[in-house]
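*Asks:* The sequence shown begins at 87 in my numbering and counts up one residue at a time. Mind looking over this structure? Questions follow.
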Amino acid sequence: MSKSIVFIFIMWLSLYVSYAQQGVGVQDTLQAKAVKNEYQIAQQPTWNTDPLSPAKAAFYSAVLPGLGQIYNKSYWKVPLVYGAIGTGVYFYIRNTKEFNRYQTAYKRRMAGHTDDEFYGNRSDGQPRLSTDGLRRAQQFYRRNQELSLLITAGLYALNIIEANVDAHLKQFNVDERLSVEPFFQSNEVNAKPMFGITMQYRF
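This is the structure we're talking about:
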């Protein structure tokens, strides 16, 4: 009888220990999964990383200047874009008109006419602007015309590049745990000031 009681007690103790170990194993597994999920959530980026965003911004600015800046929600840049490109277009049109004026007068002068707007009525019968002066004026405004066109094209390209770069920069995450501060300290040996930058990262 006593042997049976001892056997039953041993079996009961074995089952209890086995069940306890299984419970601990399940609990450890659940804790490990919870830690893993928290780590994965922490590793996920907190900012929008659309790889097509910079390309879209550049494309929109190429189609219509300033549209890429609107896509990037940098609305305050749109007047700057149109102000810069508009200024270049204005000077291109102005130089083109002036060039055409002097070119028309030069052609009529070379054809033997004396009725162009630069001939005038001088007492000595000479034109207000000579034929050589008309030729130099054409060269001057032609050069300014080409320069205005080049500057306008450069500003147009800059509008595209700025939209692309701005879209790239908006994808970066600004971590509040990272701080950069200026550093200033007086050297204790020679009392000379020391300047620098300190970078801190809080874990």
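Backbone N, C-alpha and C define an ideal beta-carbon position, used for all residues, glycine too. Everything numeric in this text was worked out from a predicted model, so none of it was measured.
DSSP three-state call for residue 271: helix, strand or coil?
*Replies:* If you number the sequence shown from 1, residue 271 lands on position 185. Here residue 271 sits in strand by DSSP.
*Asks:* Counting pairs of Cβ atoms below 8 Å between the segment 215 to 228 and the segment 181 to 195, do you hit three or more?
*Replies:* yes
*Asks:* Per DSSP, what kind of secondary structure is residue 165 in: helix, strand or coil?
*Replies:* Position 79 of the sequence shown, counted from the start, is the residue given in the question as residue 165. Reduced to three states, the DSSP call for residue 165 is helix.
*Asks:* Hey, out of 182, 233 and 198, whose CA is closest to residue 216's CA?
*Replies:* Taking the first residue of the sequence shown as 1, we reach residue 216 at position 130. When each option's Cα is compared against that of residue 216, the closest is 198.
*Asks:* Cutting at 8 Å between CB atoms, please list the residues of its own chain near residue 203, excluding the five before and the five after it.
*Replies:* In the sequence shown, counting from the first residue as 1, residue 203 sits at position 117. Result list for residue 203: 187 and 191, in chain order.
*Asks:* Excluding the 5 residues preceding and the 5 following residue 168 in the sequence, name in chain order all residues of the same chain whose CB lies nearer than 8 Å to its CB.
*Replies:* Your numbering for residue 168 matches position 82 in the sequence shown. Excluding residues within five positions, the ones whose Cβ falls inside 8 Å are 151 and 152.
*Asks:* From what residue to what residue does the alpha helix (DSSP H) around residue 140 run?
*Replies:* In the sequence shown, residue 140 corresponds to position 54, counting from 1. Element bounds for residue 140: 139 to 149.
*Asks:* Using C-beta distances below 7 Å, list every residue in its chain close to residue 254, excluding the 5 sequence neighbours before and after it, in chain order.
*Replies:* Walking along the sequence shown from the start, residue 254 turns up at place 168. Closer than 7 Å at Cβ, skipping near neighbours: 140.
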